[in-house]
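Per the working numbering: the sequence shown ends with 1071, consecutive numbering throughout. Glycine included, every Cβ here is placed at the ideal spot set by N, Cα and C.
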Amino acid sequence: MKTKRVTYEFADVIEREEYLDGRYGAPGEKRSVKKKATPEQVAQVNQWNKEKKARHRLRKYFKVNDYLITLTYPKDRRPKDMKQAKADFREFYLAAGKEYKKRGMELRWIRNIECTPTGNWHIHVALNRIPDTDIIIEAAWKHGRVKDKQLLYREGNFKKLAQYLTKDAKSQEKYVEKGVLDHKVVEANYSVSRNMPLPEPEKEKLDRWPKEPEAPRGWYIDKESYFEGRNKVTGFPYRHYTLFRIQTGGKRE
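Next comes the structure, spelled out in structure tokens:
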């Protein structure tokens, strides 16, 4: 059974996707009738891809002790719509980026502008932290307060953070089930800075469908990340899973 494997490799994390190559048959492998994807399935795939790209950027460009912050508005100064909120954030990142550049650094950010059912507009932002970041962001955000400054941590290697930063009104119920969401949104807009290109993954063809994936020496497969199923549109089997590097002293992160 010809199988395609797609590998995304980061410093301490490897993500793999394996799926049957539809151009080849396989003894004993019956293919389901190919179906047209429903709008719901298309939306799920689009959300999954958005979350995956956010996770990959976090794993490639961010590190432990970078920042997750929330830019907030006073009740009487909230934006009238998403267009205004986007303009406010643009003003923020241009001002902050200018200060980073003065210090010989480059600002990188991932953000989600959100509006709750009560009309509470706010912006969650992950950004790389430098010695003067506290001063820079307080001066750059002129529309309210900078709240909830949190240092990024390694557990799960930013998986839940990617989910948190990509949630929207349609996908939020899924994140409630996963314990990611701490508030509901009626409108959201996700974006990233342009200075974080993603490299092409490694692609290879396997002669057969592995019954069980194997971890290279010095790595282990995260059981919670492992998923195996059958594509509802093509009918072919597929799986995806994450490997973590075993840290010095046998500690797993």
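- For residue 1057, the uninterrupted beta strand (DSSP E) run begins and ends at 1055–1063, by DSSP.
- Residue environment for residue 1045: exposed (fewer than 16 other C-beta atoms within 10 angstroms of its C-beta).
- Distance from the CA of residue 945 to the CA of residue 1015, rounded to the nearest whole angstrom, comes to 15 Å.
- In the DSSP assignment, residue 945 is bridged to 885, 927.
- Under a 10 Å Cβ-count criterion, residue 836 is classified as buried, with 16 or more other Cβ atoms of the shown protein chains found around its own Cβ.
- By the neighbour-count criterion, in which a residue is buried when 16 or more other Cβ atoms sit within 10 angstroms of its Cβ, residue 901 is exposed.
- For residue 966, the uninterrupted beta strand (DSSP E) run begins and ends at 964–969, by DSSP.
- Excluding the 5 residues flanking it on each side, residue 925 has same chain C-beta neighbours closer than 6 Å at 914, 915, 918, in chain order.
- Selection 875, 826, 1021 evaluated against residue 1012 yields 875 as nearest (Cα-Cα).
- For residue 965, the closest of 863, 1064, 936, 941 by C-alpha to C-alpha distance is 941.
- Burial state of residue 1004 is exposed, judged by a 10 Å Cβ sphere holding fewer than 16 other Cβ atoms.
- The C-beta distance from residue 943 to residue 889 rounds to 6 Å, short enough to meet the 8 Å contact threshold.
- Annotation: residue 833 to residue 893 spans about 42 Å, alpha carbon to alpha carbon.
- If you compare the alpha carbons of 896, 909, 963 with that of residue 933, the shortest gap goes to 896.
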